[in-house]
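Worksheet: one structure, shown below.
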Amino acid sequence: MLGSRVRVKTWSWFADDKQEIRQGGFAGWLTDGTPLWVTGSGTSKTVLTRYATVLNRVLPVPTQVASGQCVEVELFARYPLKKITAEKSTTAVKPGVLNGRYRVTFTNGNHITFVSHGETTLLSEKGKLKLQSHLDREEYVARVLDREAKSTPPEAAKAMTVAIRTFLQQNANREGDCLTIPDSSATQRVSASPATTGARTMAAWTQDLIYAGDPVHYHGSRATEGTLSWRQATA
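Written out as structure tokens, the structure reads:
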């Protein structure tokens with residue numbers, strides 16, 4: 001319920017004056033660095049269970065969280081690009097950093113518009129156009145949530161962000177300090193435009209949380225062992 005909004009260490013011990021009474025709680029920080037100390041009767045598990053609902057209501061949920069981990073994404077990796085123009089222009093833009101609203105025309109005749117605030121670059125490699133986005137990991141997670149699912153209902157979206165982040169860590173390649181992964185149905189599809197506020201909120205709620213253990217997969221409708229089904233999660 002609290003997600004990664006608190007970074008704490010739990011503790012439990014006996015009361016100083018009454019050894020038969022347990023005391024517990026946790027101490028640490030919020031994601032913005034604010035110190036946090038909570039104590040009460042019972043073990044730390046008891047305290048967390050008792051006050052989780054109240055804490056959930058009062059703790060802030062950041063919508064702009066940076067992980068410090070960068071992700072390089074080749075947008076539309078499986079669809080050859082024919083031309084990129086400013087949204088209201090027919091003149092092809094030159095390779096370089098993109099700022100504004102753009103229209104991508106694919107060689108199959110389809111097209112799509114997207115927004116870039118400098119995070120996406122148009123490249124030309126061996127005569128072929130390529131769009132590459134340089135994203136913070138949490139922005140990447142939020143954009144995948146926008147593309148593959150939705151930011152509601154909240155609990156399903158939170159589970160989805162953890163699955164997205166885990167899939168990235170398990171399947172991305174590494175190039176220098178960044179993870180690299182294509183925007184593809186074979187991996188994870190990524191929104192070419194900045195993430196919505198709702199998606200960023202869900203990503204911030206679970207920031208840094210990753211499943212440990214077996215490989216993680218998800219699917220829009222199919223539920224199998226080790227695969228999160230979005231349809232089942234939202235039913």
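Under UniProt numbering, the first residue of the sequence shown carries the number 1, and numbering increases by one thereafter.
Every residue, glycine too, gets a C-beta built ideally from N, C-alpha and C.
Values in this document were obtained by computation on a predicted structure and should not be read as measured data.
Spatial distance of Thr46 from Glu225 (CA atoms): 32 Å
Measure the C-alpha to C-alpha separation of Ile21 and Thr10 and round it to an integer number of angstroms. 17 Å
Pull up the CB-CB distance for Thr39 and Gly28, whole angstroms please, since I reckon it's below 8 Å. Contact doesn't hold; Cβ gap of about 13 Å is too wide.
Report buried or exposed for Leu123, applying the criterion of at least 16 other Cβ atoms within 10 angstroms of its Cβ. exposed
By how many angstroms is the C-alpha of Arg200 removed from the C-alpha of Tyr79? 27 Å
Could you tell me the distance, in whole angstroms, from the CA atom of Thr113 to the CA atom of Leu81? 13 Å
Classification of Ala203 by the beta-carbon crowding that lies within 10 angstroms, buried from 16 upward: buried
Do the CB positions of residue 247 and Val144 come within less than 8 Å of each other? The structure shown has nothing for residue 247, since the chain only spans 1 to 235.
Rounded straight-line distance, which links the Cα of Leu179 to that of Asn173: 6 Å
Rounded to whole angstroms, how far is the Cβ of Leu135 from the Cβ of Val71, which I believe are closer than 8 Å? 5 Å
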